[in-house]
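Heads up: the structure comes next, in structure tokens.
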Amino acid sequence: MSKHLLIGNWKMNLLPEDASKLISQYVSLTKNSNRTQVGIAPTFLAMSAVIAECNSSDLWIGGQNAHQENDGAFTGEVSASMLQAIGCAFSLTGHSECRHVLGESQDLITKRSSGVLDNQLKLVYCFGETLAEKEAGNRSKVLQDQLLPIMELINEKNHNQLILAYEPVWAIGTGKVATIQDIKDSVLEINEIIKNTKPFCNAAILYGGSVKPDNYQQILAVQGVSGALVGGASLKYEQFLELYKISENC
Ligand code: PGA
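As structure tokens, then:
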């Protein structure tokens, strides 16, 4: 049976010293992991310090975003090839804060995703509908619009690198979790898109959006959900510990 995934997105939090302390707790926690692959996406600033703490652990460290070009005049950016070179295992792309707060277009996100795949990193591709899109009955269309361009990048060689993180935007950082039925419906639609485009691909599907110890068990029990992308709760050791225990025992 493949492992559950528990990916923490630290967003713009924790200076290197605090990031090192927290990651060393996660390294100890996951030492004898049976059922769970943990990954953490710290800030770029804390990346080296965090990787240094992970020496002999199998924890994955990854970027919160990545530029598709290897290097060059791209102020403020870090490339997928740089992440790969310093020991990252994955990068997120398409996070709703990049789409809706920083204004990244699907076209840019698709290029970034391509760069991540080309550099042999796992791609944790984030997508999901906003509240307005959900209320207008457009969830399926949004899933298609955001997933089809990524499926076009997938081939027989790179399909194992793809991890899909379905995150309804209205559930991120709000304390509002999608209902189990919402999650089931979305997972079915996502699997349908995969089947109709790249049937050989069996990408893990994660749920993200206000995942906490009191809701995770139910979410992880949904058929087709292999884990979670966690923001707030990944910054608090006690909460992350509980999520990890659920993941190990589920
Ligand atoms: P949250 O964030 O768990 O704080 O809702 C999830 C995410 O942004 O990936």
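Sequential numbering of the sequence shown, starting at 1, is according to the numbering used here.
The beta-carbon is built from N, C-alpha and C at its ideal position, and this holds for glycine as well.
Practice task
Would you identify the three-state DSSP class for S91, choosing helix, strand or coil?
Solution key: Taking the sequence shown and counting its residues from 1, the one referred to as residue 91 is at position 91. Looking at S91 - three-state DSSP - the assignment turns out to be strand.
Problem - Burial state of I20, where buried means 16 or more other Cβ atoms lie within 10 Å - result: Here the question's residue 20 lines up with position 20 in the sequence shown. For clarity, residue 20 is Ser in the given sequence; the question names Ile instead. Burial state of S20 is buried, judged by a 10 Å Cβ sphere holding 16 or more other Cβ atoms.
Practice task
Using a threshold of 7 Å, state whether the C-beta atoms of W10 and G39 are closer than that.
Solution key: As a position in the sequence shown, residue 10 is number 10, starting the count at 1. As a position in the sequence shown, residue 39 is number 39, starting the count at 1. No, these two residues do not count as a Cβ contact at 7 Å.
Problem - Contact belief for S247 with G8 at Cβ below 8 Å, rounded distance in angstroms - result: As a first step, residue 247 is located in the sequence shown; it is residue number 247 there, counting from the start. As a first step, residue 8 is located in the sequence shown; it is residue number 8 there, counting from the start. With 8 Å as the limit, S247 and G8 do not qualify as a contact, their Cβ atoms being about 12 Å apart.
Exercise for the section: Give the secondary structure of V230 by DSSP, where H, G and I count as helix, E and B as strand, and everything else as coil. Expected result: Here residue 230 refers to the residue found at position 230 of the sequence shown. In this structure, V230 counts as strand in the three-state DSSP scheme.
Problem - Backbone CA spacing between K141 and L121 [nearest angstrom] - result: Taking the first residue of the sequence shown as position 1, residue 141 is located at position 141. Taking the first residue of the sequence shown as position 1, residue 121 is located at position 121. In a straight line, the C-alpha of K141 is about 28 Å away from that of L121.
Exercise for the section: State the Cα-Cα distance for the pair G128 and S24, rounded to the nearest angstrom. Expected result: Counted from its first residue, the sequence shown places residue 128 at position 128. Counted from its first residue, the sequence shown places residue 24 at position 24. Going by the C-alpha atoms only, they are around 32 Å apart.
Handout entry: Alpha-carbon to alpha-carbon, V78 and I86
Key = Mapped onto the sequence shown, residue 86 falls at position 86. Mapped onto the sequence shown, residue 78 falls at position 78. Rounded to whole angstroms, I86 to V78 spans 12 Å at the Cα level.
Problem - Member of D182, M47, N34 whose CA lies at the smallest distance from the CA of E17 - result: As a first step, residue 17 is located in the sequence shown; it is residue number 17 there, counting from the start. Here the closest residue by C-alpha is M47.
Practice task
Return the chain-ordered list of same chain residues with a C-beta closer than 8 Å to the C-beta of S57, the five sequence neighbours on each side being excluded.
Solution key: In the sequence shown, the residue the question calls residue 57 occupies position 57. Closer than 8 Å at the Cβ level, and outside the excluded window around S57, lie V27, T30, K31.
Exercise for the section: Examine ligand 3 and report whether any of its heavy atoms sits within less than 6 Å of the Cβ of N70. Expected result: No copy of ligand 3 appears in this structure; the ligands present are ligand 1.
Practice task
Check whether the Cβ atoms of G224 and V187 sit closer than 7 Å, and answer yes or no.
Solution key: Residue 224 sits at position 224 when you count from the first residue of the sequence shown. Residue 187 sits at position 187 when you count from the first residue of the sequence shown. In this structure, V187 lies closer than 7 Å to G224 by Cβ.
Practice task
Can you tell me which of the three DSSP states W170 falls into?
Solution key: Looking up residue 170 in the sequence shown gives position 170. Helix at W170.
Handout entry: alpha helix (DSSP H) segment containing F240, residue limits
Key = Numbered from 1 along the sequence shown, position 240 holds the residue referred to as residue 240. F240 -> alpha helix (DSSP H) spans 237-249.
Practice task
Return no unless some Cβ of chain C is closer than 7 Å to the Cβ of N155.
Solution key: Of the protein chains in the structure, only one exists, and it is not chain C.
Handout entry: Segment limits, alpha helix (DSSP H) that includes K21
Key = The residue labelled residue 21 in the question sits at position 21 within the sequence shown. Unbroken alpha helix (DSSP H) run through K21: 16-29.
Exercise for the section: Compute the minimum distance between the beta carbon of S210 and the heavy atoms of ligand 1, and state whether it is under 6 Å. Expected result: Mapped onto the sequence shown, residue 210 falls at position 210. Yes.
Practice task
Reducing DSSP to helix, strand and coil, say where C201 ends up.
Solution key: Counting from 1 along the sequence shown, the entry for residue 201 is found at position 201. In the structure shown, C201 sits in coil (DSSP, three-state: anything other than H, G, I, E or B).
Exercise for the section: Using the Cα positions of R99 and S105, report the straight-line distance between them to the nearest angstrom. Expected result: Residue numbering aside, residue 99 sits at position 99 when the sequence shown is read from its first letter. Residue numbering aside, residue 105 sits at position 105 when the sequence shown is read from its first letter. Taking C-alpha positions only, R99 is separated from S105 by approximately 6 Å.
Practice task
State the DSSP-derived secondary structure class of I154, mapped to helix, strand or coil.
Solution key: Residue numbering aside, residue 154 sits at position 154 when the sequence shown is read from its first letter. Residue state, collapsed to three classes: coil.
Exercise for the section: May I ask which residues mark the beginning and end of the beta strand (DSSP E) holding V40? Expected result: What you label residue 40 is simply residue 40 of the sequence shown in a count that begins at 1. In the sequence as presented, Val is not what sits at residue 40; that position holds Ile. Note, I40: beta strand (DSSP E), 36-41.
Practice task
Go to L102, then tell me how far its alpha helix (DSSP H) extends in each direction, as first and last residue.
Solution key: The count along the sequence shown starts at 1 and reaches residue 102 at position 102. First-last for L102: undefined, no H or E at that position.
Problem - Option nearest A80 by Cα separation, candidates L92, A73, F74, H67 - result: Looking up residue 80 in the sequence shown gives position 80. Relative to the Cα of A80, the nearest Cα in the group L92, A73, F74, H67 belongs to H67.
Practice task
Spatial neighbours of N119 within its chain, please: CB distance less than 7 Å, with the 5 preceding and 5 following residues excluded, ordered by chain position.
Solution key: Indexing the sequence shown from 1 puts residue 119 at position 119. Excluding sequence neighbours, N119 sits near A80, S81, Q84.
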